[in-house]
Amino acid sequence: EAQVTQNPRYLITVTGKKLTVTCSQNMNHEYMSWYRQDPGLGLRQIYYSMNVEVTDKGDVPEGYKVSRKEKRNFPLILESPSPNQTSLYFCASSPIAGSTGELFFGEGSRLTVL
Amino acid sequence: AQSVAQPEDQVNVAEGNPLTVKCTYSVSGNPYLFWYVQYPNRGLQFLLKYITGDNLVKGSYGFEAEFNKSQTSFHLKKPSALVSDSALYFCAVRDTGKGTYKYIFGTGTRLKVLA
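Going down the list, the protein sequences come from chains A and B. The first sequence begins at 1 in my numbering and counts up by one. The second sequence begins at 115 in my numbering and counts up by one.
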C-alpha cells in the first residue's frame with residue numbers, strides 16, 4: 001500500500017531533550033516536506049527536499065533540522081525542543097517528474113514540549 | 115509575496131443544501147491550486163486540483179472547484195452536502211513561476227453539515 005509513515009504519532013517530551021520524528025514513504029517520490037499545523041495558522045512549511053542531499057528552508061525552519069540521506073526517509077530533528085514547538089506535525093511527499101504536484105500526507109505526529 | 119486566504123473559519127450548511135468554501139490566492143506566476151480535506155486525527159487527503167484548462171474542476175466525493183483568474187479565487191463547491199462532509203478543508207497553492215516546490219496553505223475552514 002502506498003503510504004507516508006510518521007513516527008511517533010504522539011510524543012510528550014521536556015524542554016531541551018533532543019528528539020527525531022521519522023518520515024518514510026514507499027512511493028519513490030523525489031519531493032518530501034515537513035509542515036506544522038497550529039490552530040488559526042493552518043499548515044506552515046518547515047523544510048522541504050527535492051531529492052537526496054537537497055534540502056531547503058520553508059517558512060518556519062527555526063529550531064528544526066532535516067536530512068535526506070536516502071530517498072525514502074526525511075527525518076525532522078529538534079535539537080533542543082521548546083514549548084513553542086508544541087504542535088501537530090505532518091510529513092508529505094510528491095513525485096516531481098511528470099507530476100502536477102498533489103501531496104501525499106502522513107497521519108501526523110502530535111508533539112507536546114513541557 | 116505568495117499567500118492564500120480562506121476568509122471563513124467555519125461554514126455551516128444544512129444537509130442536502132449546496133456548499134461553498136472560499137479561497138483566494140496571490141502568487142507571482144501561474145498557480146497550481148489544490149484543495150485538501152482533513153478528518154479528525156487524520157492526515158490531509160487530496161480532493162482536487164487546478165493546473166490549466168477548464169475553470170471548473172471535479173474531484174473526489176462529488177466536490178468541484180471553480181478557478182477564477184480575474185478574482186484570483188478557487189472556491190470549493192458541492193451541490194448537495196452530506197453530514198459526512200463535515201471536516202477541515204485547506205486550500206493550497208504552488209507557485210510555478212519561481213520553479214520551486216514551495217507550497218502555501220490557507221488557515222483552513224471547518225465545514226459543519228447539520229442533519
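Ideal Cβ placement from N, Cα and C applies to all residues, glycine included. What you are looking at is a predicted structure, and each value in this text was computed from that prediction instead of being measured.
Item, Value
"Cut-off 6 Å between Cβ atoms - residues of its own chain near A/PRO95, not counting five sequence neighbours on either side", "HIS29"
"Distance between B/PRO121 and A/GLY106 (C-alpha atoms, nearest Å)", "27 Å"
"Residues near B/LEU147 by beta carbon distance below 6 Å, same chain, minus five either side", "TYR164, PHE188, VAL207"
"Neighbouring residues, chain A, relative to B/GLY220 (Cβ below 9 Å)", "GLY42, LEU43"
"Under 7 Å between C-beta atoms of A/TYR47 and A/THR55", "yes"
"Beta-carbon contacts of B/VAL171 that lie in its chain and below 6 Å, excluding the five residues immediately before and after", "LEU162, TYR164, ALA179"
"Partners in chain B for A/MET50, counting only beta-carbon separations shorter than 8 Å", "TYR215"
"Residue from B/SER200, B/TYR139, B/TYR175, B/PHE177 whose Cα sits closest to the Cα of B/ALA119", "B/TYR139"
"Three-way DSSP call (helix, strand, coil) for B/ASP199 in this model", "helix"
"Any 3 or more C-beta pairs closer than 8 Å across the stretch 78 to 93 of chain A and the stretch 33 to 48 of chain A", "yes"
"According to DSSP, residues forming a beta bridge with A/ARG36", "A/ARG44, A/TYR89"
"Separation of A/PHE90 from A/LEU11, as counted between CA atoms", "14 Å"
"Residue-chain proximity (B/LEU225, chain A), Cβ-Cβ < 7 Å", "no"
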